[in-house]
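A.B. asks:
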Amino acid sequence: MSIRIINAQSTRQLQRGFASWTSYLSNHSLNFIDGKRMKTLDPTQEKLNLEEPATGSILGAIQSSGRGDVDKAVKSAVIAQQEWGQRSGPEKRDILMEAARLLRNRKEDIARVEVSDTGKPMWEAMGDVQSVIDSVTYFAGIAPTMCGQHFTLSGGSFGYTRREPLGVVAAIGAWNYPIQMAGWKSAPALACGNAVVFKPSQFTPFTAVILGEIYQEAGLPDGLYNVIQGGAETGNFLTSHNDIAKVTFTGSVETGTKVMTSCASGIKHVTLELGGKSPLIIFDDCNIDNAVKGAIMANFLSQGQVCSNGTRVFIQDSIFDDVISRLVKHTKSIKLGDPHADDTRMGPMINAAHANKVMKMIERAKTEGAEIMCGGEYITIDDSKMKGKFISPCILKPTDDMEISKEEVFGPVMNVYSFKTEEEVLNRANDTKFGLASGVFTNDLNRAHRVAAKLQAGNCYVNNYNIYPTELPFGGNKMSGIGRENGTITVDYFTQLKSVYVENNDVDCPI
Ligand code: NAD
Numbered sequence: 035m036s037i038r039i040i041n042a043q044s045t046r047q048l049q050r051g052f053a054s055w056t057s058y059l060s061n062h063s064l065n066f067i068d069g070k071r072m073k074t075l076d077p078t079q080e081k082l083n084l085e086e087p088a089t090g091s092i093l094g095a096i097q098s099s100g101r102g103d104v105d106k107a108v109k110s111a112v113i114a115q116q117e118w119g120q121r122s123g124p125e126k127r128d129i130l131m132e133a134a135r136l137l138r139n140r141k142e143d144i145a146r147v148e149v150s151d152t153g154k155p156m157w158e159a160m161g162d163v164q165s166v167i168d169s170v171t172y173f174a175g176i177a178p179t180m181c182g183q184h185f186t187l188s189g190g191s192f193g194y195t196r197r198e199p200l201g202v203v204a205a206i207g208a209w210n211y212p213i214q215m216a217g218w219k220s221a222p223a224l225a226c227g228n229a230v231v232f233k234p235s236q237f238t239p240f241t242a243v244i245l246g247e248i249y250q251e252a253g254l255p256d257g258l259y260n261v262i263q264g265g266a267e268t269g270n271f272l273t274s275h276n277d278i279a280k281v282t283f284t285g286s287v288e289t290g291t292k293v294m295t296s297c298a299s300g301i302k303h304v305t306l307e308l309g310g311k312s313p314l315i316i317f318d319d320c321n322i323d324n325a326v327k328g329a330i331m332a333n334f335l336s337q338g339q340v341c342s343n344g345t346r347v348f349i350q351d352s353i354f355d356d357v358i359s360r361l362v363k364h365t366k367s368i369k370l371g372d373p374h375a376d377d378t379r380m381g382p383m384i385n386a387a388h389a390n391k392v393m394k395m396i397e398r399a400k401t402e403g404a405e406i407m408c409g410g411e412y413i414t415i416d417d418s419k420m421k422g423k424f425i426s427p428c429i430l431k432p433t434d435d436m437e438i439s440k441e442e443v444f445g446p447v448m449n450v451y452s453f454k455t456e457e458e459v460l461n462r463a464n465d466t467k468f469g470l471a472s473g474v475f476t477n478d479l480n481r482a483h484r485v486a487a488k489l490q491a492g493n494c495y496v497n498n499y500n501i502y503p504t505e506l507p508f509g510g511n512k513m514s515g516i517g518r519e520n521g522t523i524t525v526d527y528f529t530q531l532k533s534v535y536v537e538n539n540d541v542d543c544p545i
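Heads up: take any position in the sequence shown, counting from 1, add 34, and you land on my numbering.
#1: Whole angstroms is fine: what's the gap from alanine 114's alpha carbon to alanine 204's?
#2: Given a threshold of 16 other Cβ atoms within 10 Å of its Cβ, counted over all protein chains shown, does histidine 62 qualify as buried or as exposed?
#3: Is threonine 284 near the ligand NAD, judged by its Cβ being under 8 Å from some heavy atom?
#4: Suppose you measure from the CA of isoleucine 353 to the CA of glycine 515; what does that come to, to the nearest Å?
#5: Consult DSSP for asparagine 390 and reduce its assignment to one of helix, strand or coil.
#6: Assuming serine 467 contacts glutamine 490 (C-beta within less than 8 Å), just tell me the rounded distance between them.
#7: Give the DSSP-derived three-state secondary structure of glutamine 97 in the structure shown.
#8: Helix, strand or coil: how does DSSP classify methionine 131 here?
#9: In this structure, how does DSSP classify methionine 448 when only helix, strand and coil are distinguished?
#10: My guess is that glycine 153 and isoleucine 384 are in contact by the Cβ rule of under 8 Å, so how many angstroms apart are they, rounded?
#11: Under three-state DSSP, which class holds arginine 71?
#12: Which residue comes first and which comes last in the beta strand (DSSP E) that contains serine 165?
#13: Could you pull out every unbroken beta strand (DSSP E) segment of at least 3 residues lying fully inside the region 223-252, listed in chain order?
#14: What I want to know is whether the C-beta of alanine 208 ends up closer than 8 Å to one or more non-hydrogen atoms of the ligand NAD.
#15: Could you spell out where the beta strand (DSSP E) holding lysine 311 opens and where it closes?
#16: DSSP three-state call for proline 212: helix, strand or coil?
#17: Aspartate 319: which of Met180, Gln350, Gly381 sits nearest, CA to CA?
#18: Would you call the region 114-133 and the region 218-230 touching, i.e. three or more CB-CB distances under 8 Å?
#19: For leucine 531, which residues of its own chain have a beta-carbon under 8 Å away from its beta-carbon, when the five flanking residues on both sides are left out?
#20: Indicate the three-state DSSP secondary structure (helix, strand or coil) for isoleucine 523 in the structure shown.
#21: Starting from serine 191, follow the alpha helix (DSSP H) in both directions and report where the run begins and ends.
#22: If you run the structure through DSSP and keep just helix, strand and coil, what is methionine 180?
#23: Terminal residues of the continuous beta strand (DSSP E) containing isoleucine 206?
#24: Tell me which residue opens and which closes the alpha helix (DSSP H) that lysine 421 is part of.
#25: Tell me the start and end of each unbroken beta strand (DSSP E) in the region 467-521 that is at least 3 residues and wholly inside, in chain order.
#26: Please name the residue, chosen from Ile438, Val293, Tyr451, Ser286, that lies closest to glycine 269 on a Cα-to-Cα basis.
#27: Between the alpha carbons of cysteine 494 and valine 392, how many angstroms are there, rounded?
#28: Would serine 191 be called buried (16 or more neighbouring beta carbons within 10 Å of its own) or exposed?
#29: Starting from the C-beta of glycine 69, find all residues in its chain whose C-beta is less than 6 Å away, skip the five residues before and the five after it, and write them out in chain order.
#30: Cutting at 6 Å between CB atoms, please list the residues of its own chain near asparagine 539, excluding the five before and the five after it.
#31: Considering only the alpha carbon of each residue, which of Pro382, Ala389, Val447 lies closest to glycine 409?
#32: In terms of DSSP beta bridges, what is proline 199 paired with?
#33: Within 8 Å: the Cβ of lysine 302 and any heavy atom of the ligand NAD?
#34: Is it right to say glutamate 288 is buried, meaning 16 or more other beta carbons lie within 10 angstroms of its own, or is it exposed?
#35: To the nearest angstrom, report how far apart valine 304 and leucine 254 are at their CA atoms.
#36: Could you pull out every unbroken alpha helix (DSSP H) segment of at least 4 residues lying fully inside the region 357-404, listed in chain order?
Now the structure itself:
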């Protein structure tokens, strides 16, 4: 059965009538199992209200899924995967290509839902949906390329490898990039012949279900992509389920540790995309205009709620004052407001609890002696509907040993530090338990590559920051994670090898 996501009305029209908008959203906060949206089986499970970050309006509620719901989703995935895993690459490609086409047609509609759900501004949400279109298209193209190797062995015998799917993949997402995580995890998993059970964050349930409907409309068989709503307990039911072959997780180090522990007891494959405290180094020989723009992009996307953010900005002492004055000027000019408005550059924090956590970290940094250069305050938007928590983007100057220099804030806070030499800054940049991203601004070609090689991180940006092309693997070192997303390497994370030995002689049996 084909389910259209928006029927005759565009999302913008739906939004104008709040009742129809919330009714549309409520229908997409349900589970999506075996091709059908459905309520959780156990009505006594916890219910969580969904507040729109920008306005504080209640958009709906999700009901956590119990073990029975997880069983049902995994069971449908196991059955669907058996047939899907046998399909040829071109058959899988055609379905994924069609899904990419449908996503492209509904890009703005999906982005609108994402804006209401996360509070991120529309210009960013459009980019997020585009990154899913890119991923689905890319892995559609990869599907027919999957192959093994052939080995010539002695006496005419030979061997070959087969690249086989893992089975059912459990995918768990954080709340800052809901559609992107659903797409980045499901597209390669499906292209490699697996089935997926995706659990979005309990704060951002909608777009994962919309993606499921799009896959279905594109011709993906029911059961291959399921969505289970819920929080930590539901996530644990999923990671500990016996029929799950792999878990791909995005979230905090704390939860990632629990997920890995749960996977260890079942010897499951695991990919972890976790937090960061990434350095961005600005040398005095750089193009300063680009470095300032790079530092802004490294810190204030999605209100600073981005794992790869370059939150520790090291600026060479000879240009420190110049860079700071330009950074402060740019930061003060950033327009915060209704995330649906075209001219809004930054929106509200995801919720009050998280905003308060960010503000407490800023307050503690101040108490420890960090100098505030701008922002770091709750602000009121000149629009009575905007009742959410808006924090003015903050630049502060701490020392290396303060909590704010060591721990992830996950908010609009850029730390700035002055340094003298390359050797000194590399030592300070690498003095962290995290290793997700890093960046360097310099016009010295040799230095750029030397520094990129020495930075202890899974990603390094030279003369830009926070760019995620689908072709380039993304992931963390140290406590920022294990495994990679994007790029052809992803095939290794969603398949397993079988080695086949073929004898061409009589069996030699000396015993
Ligand atoms: P979180 O760890 O609180 O939750 C992430 C997901 O895990 C949610 O879906 C949650 O319901 C689920 N979960 C919670 N407990 C679980 C358990 N015991 N078993 C299984 N699942 C469980 O993270 P968050 O607050 O949603 O997201 C913010 C964090 O995510 C930040 O640390 C950020 O750096 C990180 N992040 C990393 C990347 C990356 O690619 N490296 C991208 C985005 C966000």
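For every residue, glycine included, the Cβ atom is placed at its ideal position computed from N, Cα and C.
C.D. replies: Concretely, from the data shown:
#1: Residue numbering aside, residue 114 sits at position 80 when the sequence shown is read from its first letter. Residue numbering aside, residue 204 sits at position 170 when the sequence shown is read from its first letter. Using only the alpha carbons, I get a separation of about 15 Å.
#2: What you label residue 62 is simply residue 28 of the sequence shown in a count that begins at 1. It counts as buried.
#3: Here residue 284 refers to the residue found at position 250 of the sequence shown. Yes, since a heavy atom of the ligand NAD falls inside the 8 Å radius drawn around the Cβ of threonine 284.
#4: Position 319 of the sequence shown, counted from the first residue, corresponds to residue 353. Position 481 of the sequence shown, counted from the first residue, corresponds to residue 515. Cα-Cα distance, rounded: 34 Å.
#5: Reading the sequence shown from its first residue, position 356 is the one you call residue 390. Three-state result, asparagine 390: helix.
#6: Taking the sequence shown and counting its residues from 1, the one referred to as residue 467 is at position 433. Taking the sequence shown and counting its residues from 1, the one referred to as residue 490 is at position 456. For clarity, residue 467 is lysine in the given sequence; the question names serine instead. Not quite, the Cβ-Cβ distance comes to about 10 Å (not below 8 Å), so this is no contact.
#7: Sequence index remark: in the sequence shown, residue 97 carries index 63 (1-based). Here glutamine 97 sits in strand by DSSP.
#8: On the sequence shown, position 97 is the one that residue 131 refers to. Three-state result, methionine 131: helix.
#9: Reading the sequence shown from its first residue, position 414 is the one you call residue 448. The answer is strand: DSSP assigns methionine 448 an E or B state.
#10: The residue given as residue 153 occupies position 119 in the sequence shown. The residue given as residue 384 occupies position 350 in the sequence shown. Right, the Cβ-Cβ distance comes to about 6 Å (below 8 Å), so this counts as a contact.
#11: Reading the sequence shown from its first residue, position 37 is the one you call residue 71. Residue state, collapsed to three classes: strand.
#12: For the purposes of this step, residue 165 is identified with residue 131 of the sequence shown, where counting begins at 1. For serine 165, no beta strand (DSSP E) run applies; the uninterrupted alpha helix (DSSP H) run containing it begins and ends at 156-176, by DSSP.
#13: 229-233
#14: Walking along the sequence shown from the start, residue 208 turns up at place 174. Checking every heavy atom of the ligand NAD against the Cβ of alanine 208, one is found closer than 8 Å.
#15: Locating residue 311 in the sequence shown gives position 277, where the first residue counts as 1. Per DSSP, lysine 311 belongs to no beta strand (DSSP E) and is neither H nor E.
#16: Position 178 of the sequence shown, counted from the first residue, corresponds to residue 212. Three-state DSSP puts proline 212 in a helix.
#17: As a first step, residue 319 is located in the sequence shown; it is residue number 285 there, counting from the start. For the options Met180, Gln350, Gly381, the alpha carbon positioned closest to that of aspartate 319 is the one of Gln350.
#18: yes
#19: Counting from one through the sequence shown, the residue named residue 531 turns up at place 497. For leucine 531, where only same-chain residues beyond five positions count, the Cβ hits under 8 Å are Gly182, Thr195, Arg196, Arg197, Glu198.
#20: Residue 523 sits at position 489 when you count from the first residue of the sequence shown. Of the three classes helix, strand and coil, the one that applies to isoleucine 523 here is coil, per DSSP.
#21: One-based indexing of the sequence shown puts residue 191 at position 157. Premise fails: serine 191 is in no alpha helix (DSSP H) and is neither H nor E.
#22: As a position in the sequence shown, residue 180 is number 146, starting the count at 1. Note: methionine 180 maps to coil in three-state DSSP.
#23: Translated into positions along the sequence shown, residue 206 becomes position 172. First-last of the beta strand (DSSP E) with isoleucine 206: 202-206.
#24: Within the sequence shown, residue 421 is the residue found at index 387, counting from 1. Run containing lysine 421: none; DSSP gives neither H nor E here.
#25: 473-475
#26: Here residue 269 is taken as the residue at index 235 of the sequence shown, counted from 1. Out of Ile438, Val293, Tyr451, Ser286, Val293 has the C-alpha closest to the C-alpha of glycine 269.
#27: The sequence position of residue 494 within the sequence shown is 460, counting from 1. The sequence position of residue 392 within the sequence shown is 358, counting from 1. Each residue's alpha carbon lies about 26 Å from the other.
#28: Translated into the one-based positions of the sequence shown, residue 191 becomes position 157. It is exposed - the Cβ of serine 191 has fewer than 16 other Cβ atoms within 10 Å.
#29: Counting from 1 along the sequence shown, the entry for residue 69 is found at position 35. Taken in chain order, the residues that qualify are Gln250, Asp256.
#30: Counting from one through the sequence shown, the residue named residue 539 turns up at place 505. Within the same chain, asparagine 539 has close Cβ partners Gly189.
#31: Numbered from its first residue, the sequence shown carries residue 409 at position 375. When each option's Cα is compared against that of glycine 409, the closest is Val447.
#32: The residue given as residue 199 occupies position 165 in the sequence shown. Thr529.
#33: For the purposes of this step, residue 302 is identified with residue 268 of the sequence shown, where counting begins at 1. Checking the Cβ of lysine 302 against the ligand NAD gives no.
#34: The sequence position of residue 288 within the sequence shown is 254, counting from 1. Counting C-beta atoms within 10 angstroms of its own C-beta, glutamate 288 has fewer than 16 neighbours from the protein chains shown and is therefore classed as exposed.
#35: Taking the sequence shown and counting its residues from 1, the one referred to as residue 304 is at position 270. Taking the sequence shown and counting its residues from 1, the one referred to as residue 254 is at position 220. Computed Cα separation, rounded: 25 Å.
#36: Complete alpha helix (DSSP H) runs here, min 4: 386-402.
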